[in-house]
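Let me begin by presenting the structure, written as structure tokens, before commenting on it.
Number of protein chains: 2
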Amino acid sequence: MTNKQIKTMKNHLSERIKTVPESFIRRILKVSNQPDVISFAGGLPNADLFPIQAIQQACVKVLENNGKQALQYASSEGDIGLREWIAERYQTVQGLSISPENILITNGSQQALDLLGKVLLNTADPIAIENPGYLGAIQAFSLYRPTMHSVSVDENGMNIDELAQLVKAKKPKLIYTVPNFQNPTGISYSQQNRQAVAEIVAPSNALLIQDDPYGELRFSGKAKTNFMSLLPEQTIMLGSFSKIITPSFRLGWIVAPTNLIKPLVIAKQAADLHTNYFSQQIILQYLNDNPVDEHIAKIIQFYGKQKQAMMSAITEYFPKDVHIATSEGGMFLWATLPENKSAMTLFDKAIQEKVAFVPGKPFYVGEKETIPENTLRLSYVTMSEAKIKTGIKTLSDCIKKM
Amino acid sequence: MTNKQIKTMKNHLSERIKTVPESFIRRILKVSNQPDVISFAGGLPNADLFPIQAIQQACVKVLENNGKQALQYASSEGDIGLREWIAERYQTVQGLSISPENILITNGSQQALDLLGKVLLNTADPIAIENPGYLGAIQAFSLYRPTMHSVSVDENGMNIDELAQLVKAKKPKLIYTVPNFQNPTGISYSQQNRQAVAEIVAPSNALLIQDDPYGELRFSGKAKTNFMSLLPEQTIMLGSFSKIITPSFRLGWIVAPTNLIKPLVIAKQAADLHTNYFSQQIILQYLNDNPVDEHIAKIIQFYGKQKQAMMSAITEYFPKDVHIATSEGGMFLWATLPENKSAMTLFDKAIQEKVAFVPGKPFYVGEKETIPENTLRLSYVTMSEAKIKTGIKTLSDCIKKM
């Protein structure tokens, strides 16, 4: 079997699959995952914080009390109890009034992006994404062959002039944002920036996606207004249990207006009938039996200390002309080297010294010559404070030698 | 929130989502699921046969021995241990030599269909599906807007003349088949029919999908040759744990040639990163710790008795001019009423008497006037033998009154 090949494969592949960028990061992760490497490359949460025992108790309880139903086919929309819990959490944490009918359970927020692309995008439809931005969104959308435009993000949020011009000139159907602790930069849109974005989007026909996987992981500063409050008829929210409970369950959700939920459910049904129902039941049982706020507080405390350790080491060791973007939460820091220094060259040097990170280049879209070579993403959540210190020192030595 | 509507929704929806048929069956299932209805309508396996306790033991073991990994992000290809188990099972049961590298784990075989459509189909590409055939496949493929052609199936399998003409005239890129215990008809392709199909497909560039969710559920007769043996370079096999262990885990797989697996993995990554890894680990633990052949034998014995009960009741009560298609396994029987009798009318009468089934019409593709009105699908797996007898008697009375 291994040697069996379809001889005419090139004729068979769809145009859309030929355009999807292969994830450069996956290749980097292979090098970075060697046990002797100090890796700031990963995008994974810290497995030490998974609530293993509580999940085990939830499994036993669900199977004992409700085994037949938990193992049977279920509705495409997702478990109603879980959707009610999510709606209630929006109320408690953000004061947002969401109906469970407006929530669709998905396989992580990655599937939410795929379903939105499927339901909304025709070939060549204009869309806007953050630059730099989340690679998974670029991958998911690119399968539907839109015309991708980008809006620069910096420590304040979206570049308002760029956004205004783009909305006016290109009329994007979708605007994809990660306003809280963005991947890859760790930055958040300021309150003023959100207001300005909303003012530009409101008179247009664009839909704004607020992807929010890290929103609950705030170490400092104050929560900012959700786009759902600023643009209630144009905002689609995505959420996920991956960063606050477990990613392996692939449990996320979409919050969307009623007339968008219906076609999304049809697309979900065609995609995989429904999301793993057993895992939906386990998560719900876990949430009902355990104080999730305490669990999230533990993650925040842990990650917050790791971020602090990385910032301290950076202050101590990094050359002063390396800029670190201000970040109040999440999992990443974003470093900008002096303009003449290449993060790819730094990667090659650092990996020889057993330190890994992700160069910033793959997170950008646009013409090659416009993409900065000197940015990098540093994840601080999986390494111990001691290793963070050692790794940052090594990285500093590599930068200084360039 | 509930009242929030996107005002310009019609302008937003993609062309592809507008063409997907909404599942008529879902609507029927809502009526059929009332507790006092004897339902032959469902497509669900019998929940009494789920190995609840063994799954519970597997959960505990996985979380105790390997909790951190089981709750972390995992590879898009799927767990290598699970893929090895699947490869070995093809060897043991069917004598097929498959490499784990040629297997991709998906969210049930439904996602396999979506990924294949995504990777292979451009708008208007010709494909061939069975008529009548599996609705989920029609739904999944139609999102990629192919030109759908159909080939009639009867008790021998595909109509060979129709297939030959179609392959010659339309050059389909894909041919979708369920050669074992097909949904909706319960029929299997004969050995001779498979041979003839393979001879027609071999010289063409078509890829043949053998979807096989029911293949292990044989009550009588002898296993037939897999298309993978007949068309090794053109066959894509789909498999699933839904009908033999549990459907709620949404665990299926694709077996494909090496040069097709690679783009499928990219599409999988964009679709949802990977399939629920916790559930992959549980199924593997379950398979390692329990004799799955004994479990499948139990299902076969149970379903076989239920099928026998339905056949006996049909022989006793049904008018002699109702034809039942020969079936050696699976979950369904296919009835054909005399030509002047409508299964939709029968459904309306029967549901008043608290008996439900699925009229055959939604399983057909093609021009309205070519679709027979007089077929119906009867599932025998979820009702007790006593209820099967009562339900068939009631249905007979309704037919006689028409």
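Chains as they are written, first to last, in my numbering: chain A, 20 to 421; chain B, 20 to 421.
Backbone N, C-alpha and C fix where the C-beta goes; we use that ideal spot for every residue, glycine too.
Note that the structure is a prediction, hence the values are computed from the model and not measured.
Return no unless some Cβ of chain A is closer than 8 Å to the Cβ of residue i.
i	result
H168 of chain B	no
F297 of chain B	yes
K420 of chain B	no
N203 of chain B	Residue identity differs from the one stated: residue 203 of chain B is Pro in this sequence, not Asn. No, no contact with chain A.
L414 of chain B	no
P251 of chain B	yes
T196 of chain B	no
N224 of chain B	yes
Compare the C-beta of residue i with all C-beta atoms of chain B and state if any pair is closer than 8 Å.
i	result
S28 of chain A	According to the sequence displayed, residue 28 of chain A carries Met and not Ser. Answer yes: the Cβ-Cβ gap between M28 of chain A and chain B drops below 8 Å somewhere.
Q113 of chain A	no
N175 of chain A	no
T21 of chain A	Summary for T21 of chain A: the model assigns pLDDT 49, below 50, so the residue's position carries little reliability, and this model does not support an answer.
N309 of chain A	no
G410 of chain A	no
K317 of chain A	no
Q17 of chain A	With chain A covering only 20 through 421, there is no way to say anything about residue 17 of chain A.
L257 of chain A	no
L182 of chain A	no
L422 of chain A	Here chain A covers residues 20 to 421 and nothing more, so residue 422 of chain A does not appear.
For residue i, which residues in chain B fall below 9 Å Cβ to Cβ?
i	result
L63 of chain A	Q91 and Y92
Q158 of chain A	I285, Q288 and A289
Under the DSSP definition of a beta bridge, which residues are partnered with residue i?
i	result
P378 of chain A	A:L395
A354 of chain B	B:I343 and B:L395
T166 of chain A	A:P145
T294 of chain B	Answer is none; T294 of chain B lacks a bridge partner.
G271 of chain A	A:T125 and A:S259
Q229 of chain B	B:T196 and B:M256
I179 of chain A	Paired residues: none, contrary to the question.
I57 of chain B	B:V374
D173 of chain B	B:G176
R237 of chain A	A:G348
Can you name the residues of chain A whose CB is closer than 8 Å to the CB of residue i?
i	result
G422 of chain B	Past the boundaries of the shown model lies residue 422 of chain B; chain B is included only from 20 to 421, so the question cannot be answered.
V39 of chain B	I285, A286 and A289
K192 of chain B	H31
K137 of chain B	S33, R35, I36 and L162
List, in order along the chain, the chain B residues whose C-beta lies closer than 7 Å to that of residue i?
i	result
F268 of chain A	N295 and F297
N141 of chain A	S33 and E34
T265 of chain A	L90
For a contact meaning CB atoms closer than 7 Å, what does residue i contact in chain A?
i	result
L236 of chain B	By Cβ distance, chain A contributes nothing, its closest Cβ being about 16 Å from L236 of chain B, past 7 Å.
P276 of chain B	K23, Q24 and I25
L279 of chain B	I25 and M28
So residue i and residue j are in contact, right, with Cβ under 8 Å, and what is the actual spacing, rounded?
i	j	result
I105 of chain A	G258 of chain A	7 Å
T394 of chain A	A362 of chain A	6 Å
F423 of chain A	S207 of chain A	An answer regarding residue 423 of chain A cannot be provided, because it is not within the stretch 20 to 421 covered by chain A.
N295 of chain A	N295 of chain B	5 Å
A225 of chain B	Q253 of chain B	7 Å
Y163 of chain B	K137 of chain B	7 Å
G271 of chain A	N126 of chain A	7 Å
V377 of chain A	N150 of chain A	Going by Cβ atoms, the distance from V377 of chain A to N150 of chain A rounds to 16 Å, so no, they are not a contact pair.
Give the interface partners of residue i over in chain B, defined as CB-CB distance under 8 Å, in chain order.
i	result
D133 of chain A	A289, A290 and D291
- Message: Beta carbons nearer than 8 Å to chain B: which residues of the stretch 282-295 of chain A have them?
- Response: P282, I285, A286, Q288, A289, A290, D291, L292, H293, T294 and N295
- Residues of the stretch 65-92 of chain B with a CB closer than 7 Å to any CB of chain A: list them in chain order, please. A66, F69, I71, I74, Q75, C78, V79, L82, G86, K87, A89, L90, Q91 and Y92
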